[in-house]
Amino acid sequence: MSECAKLVNSGMVTVRVKAASKLDKAMADARKAAIEKRELDICEVANYLYCGVRVIGGSETCLQFLEKNQEKYNIQVLKRLAVSAAFHTRQMESAVAKAFTNVEMQRAVCNVYSNYTGQVLPTKRSDIRGAVAKQVNSPVKWEQIQQVLFRKHQDEKFPRFYEVGPGRQLGAMLLQTSKKAHKSYTHFSC
């Protein structure tokens, strides 16, 4: 992924949209602006965080276009992220083939949800490898995974949500999505 990051100056922005927002049109127009400058036209959703909040990965030209035209497309919030590239976009395509070539995959002992599909990972090792590799250049579907979990447990107590690591992004998303689910959230720092 770090090799792919060197191919084009790119990054990511978090956006908050509402029903009247024209995010798809904004991204299409940003891609056109990059093509006119004869630059790589990467501008796509990289993360579906929760309802109305997305992370857009794009070339520097595309991100600047979005920033300059935020009001025109009725985008409520647009905030740059401190990252070195447009991860989970087609900029990472060449990393997919190399990503898990020599990694031995084992079947999970519990349900593991794929960022690529938003569903439980398949059980065949070859299918697991393919699904995990596709996560490198495909949007992360946090919102869709949360919806599956919430629908599955509508009439029962929510399962426990554990976040392990230095940040609390999962907790922040759960709080925005479901205060009831957030009550079952625990964070463990590293």
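Numbered per full-length UniProt numbering, the sequence shown spans residues 1 to 190. Every residue, glycine too, gets a C-beta built ideally from N, C-alpha and C. Predicted model only: the values in this text are computed from it and were never measured.
Taking Cβ to Cβ, would you say S59 is nearer than 8 Å to C43?
-> yes
Within this structure, are the beta carbons of G11 and A86 separated by less than 8 Å?
-> yes
Classify F65 as buried or exposed, calling it buried when 16 or more other Cβ atoms lie within 10 Å of its own Cβ.
-> buried
Roughly how many whole angstroms lie between the Cα atoms of A181 and E36?
-> 46 Å
Are there three or more Cβ pairs, one per stretch, closer than 8 Å when the segment 113-126 is compared with the segment 134-145?
-> yes
State the beta-bridge partners of K79 as determined by DSSP.
-> T14
Taking the CB atoms as reference points, tell me whether L78 and E67 lie closer together than 8 Å.
-> yes
Could you check what DSSP says for C62 in three-state terms: helix, strand or coil?
-> helix
Whole-angstrom distance between K25 and T61, CA atom to CA atom | 16 Å
With distances taken between CB atoms, is the gap from G165 to C190 smaller than 8 Å?
-> yes
If you scan the segment 17-59 from start to end, which runs of the beta strand (DSSP E) of 3 or more residues do you find wholly inside it?
-> 43-50, 53-59
What is the residue span of the beta strand (DSSP E) that V132 lies within?
-> Looking at the DSSP string, V132 is not in any beta strand (DSSP E); the run it does join, the alpha helix (DSSP H), is 125-134.
For V112 and S184, the rounded distance between their alpha carbons | 18 Å
Spatially closest choice to K72 from M27, R90, A133, by CA coordinates | M27
Sub-8 Å separation of Q91 and V13 beta-carbons | no
beta-carbon S178 near the ligand FAD non-hydrogen atom, thresh 7 Å = The model on display carries no ligand, and the ligand FAD is accordingly not part of it.
C4: buried (16+ other C-beta within 10 angstroms of its C-beta) or exposed?
-> buried
Grouping DSSP H, G and I as helix and E and B as strand, with all else coil, what is T177?
-> helix
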